[in-house]
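S.K.: Protein chains in written order, with our numbering: chain A, 6 to 119; chain B, 873 to 987. Just so it is clear, CB atoms sit at the ideal spot from N, CA and C, and this is done for glycine as well. Provided herewith is a single structure, encoded as structure tokens, for subsequent inquiry.
What follows is the structure, encoded as structure tokens:
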């Protein structure tokens, strides 16, 4: 069975601080896909990144960066110089190779204060 | 291009009633999935449909059913509503199954309240 754990339920930072959201996953598949989604108060899940299990390169996109470590089954997400608009709930998710379903973590609520 | 659209956006139903939620995927996407998100939790997988056939089912009772139409739109039906069915129901569309370089795009959801 697949499992995703986001141990931080809520994080509060002041604008311009850096913040890292943790994600730990469990799967028996050798090929799998990891995702991060952002959920603003409107409710829609906004896709941020997909990472394939066979590609351990870290990725940076503007203020966002992701650290994928297969050895520790972690896929952490860092926001540099946080902004108020980053306030949302962030979900880490895991998908198997068959592509049938996403397994989500419980989410981390990020509050960025001005 | 339009994204994933869901209707209605909000709904209030009484215990025991039946509800139908609708989803139109992104143009060109043939796979639709449904998720239930209870307040304060992550989304839970309910169903996946591809080319009008059910390709995956989560751990939900038989009161939940779905179907996909020839135009790839989908309906989620829930019978004999319980208070615990109150949640945000999310629809996601993707190009297909088992495609490595693809992701699911979500609609804004239908917020169902059962009273």
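Between the beta-carbon of residue 93 of chain A and the beta-carbon of residue 44 of chain A, is there less than 7 Å?
M.R.: Yes.
S.K.: Tell me, please, which residues DSSP counts as bridged to residue 10 of chain A.
M.R.: According to DSSP, residue 10 of chain A bridges with A:29.
S.K.: Going by DSSP, which residues form a beta bridge with residue 65 of chain A?
M.R.: Note: residue 65 of chain A sits in a beta bridge opposite A:70.
S.K.: Between residue 878 of chain B and chain A, is there a C-beta pair that is closer than 7 Å?
M.R.: So, not an interface residue.
S.K.: Listed from N- to C-terminal order along the chain, which residues in the stretch 46–77 of chain A have their beta-carbon within a distance smaller than 7 Å of any beta-carbon of chain B?
M.R.: Here the close residues are 47, 48, 49, 50, 52, 55, 57.
S.K.: Looking at C-alpha atoms only, which residue of B:882, B:954, B:918 is the closest neighbour of residue 905 of chain B?
M.R.: Out of B:882, B:954, B:918, B:918 has the C-alpha closest to the C-alpha of residue 905 of chain B.
S.K.: Any beta carbon from chain B within less than 7 Å of residue 116 of chain A's own beta carbon?
M.R.: So, not an interface residue.
S.K.: Taking C-alpha atoms, which residue in A:116, A:103, A:106, A:108 lies nearest to residue 87 of chain A?
M.R.: Comparing Cα-Cα distances from residue 87 of chain A to each of A:116, A:103, A:106, A:108, the minimum goes to A:116.
S.K.: How many angstroms separate the CA atom of residue 958 of chain B from the CA atom of residue 934 of chain B?
M.R.: Their Cα atoms are separated by approximately 17 Å.
S.K.: Quickly, what does DSSP pair residue 935 of chain B with across the bridge? List them, please.
M.R.: Beta-bridge pairing links residue 935 of chain B to no other residue.
S.K.: I need the straight-line Cα distance from residue 923 of chain B to residue 982 of chain B, nearest angstrom please.
M.R.: Each residue's Cα considered, the two are about 23 Å apart.
S.K.: Say whether chain B places a C-beta atom closer than 7 Å to the C-beta of residue 109 of chain A.
M.R.: Yes, residue 109 of chain A lies at the interface with chain B (some Cβ there is under 7 Å from its Cβ).
S.K.: What's the C-alpha gap between residue 968 of chain B and residue 103 of chain A?
M.R.: Whole-angstrom Cα-Cα distance: 10 Å.
S.K.: Quick one: which unbroken alpha helix (DSSP H) runs of 4-plus residues sit fully inside the stretch 919–964 of chain B? Chain order, please.
M.R.: Listed in chain order, nothing qualifies, since the stretch 919–964 of chain B has no complete alpha helix (DSSP H) run of 4 or more residues.
S.K.: Please name the residue in A:50, A:81, A:68 whose C-alpha comes closest to that of residue 62 of chain A.
M.R.: Closest by alpha carbon: A:81.
S.K.: DSSP three-state label for residue 79 of chain A, please.
M.R.: Three-state result, residue 79 of chain A: strand.
S.K.: Run down chain A in chain order and give the residues with a C-beta less than 8 Å from the C-beta of residue 905 of chain B.
M.R.: Near residue 905 of chain B (Cβ distances below 8 Å), the residues of chain A are 106, 107.
S.K.: For residue 90 of chain A, does the three-state DSSP call read helix, strand or coil?
M.R.: Here residue 90 of chain A sits in helix by DSSP.
S.K.: Mind checking the stretch 920–932 of chain B against chain A and listing, in chain order, the residues whose C-beta falls within less than 8 Å of any C-beta there?
M.R.: Within the stretch 920–932 of chain B, the residues whose Cβ lies closer than 8 Å to some Cβ of chain A are 920, 927, 928, 930, listed in chain order.
S.K.: Spatial neighbours of residue 915 of chain B within its chain, please: CB distance less than 6 Å, with the 5 preceding and 5 following residues excluded, ordered by chain position.
M.R.: Here the set comprises 907, 909, 962.
S.K.: Return the CA-CA distance between residue 101 of chain A and residue 30 of chain A, expressed in angstroms with no decimal places.
M.R.: Those two C-alpha atoms are separated by around 12 Å.
S.K.: Looking at C-beta atoms only, is the number of pairs between the stretch 47–58 of chain A and the stretch 14–29 of chain A that lie closer than 8 Å three or more?
M.R.: Judged by Cβ distances under 8 Å, the stretch 47–58 of chain A makes no contact with the stretch 14–29 of chain A, as fewer than three pairs qualify.
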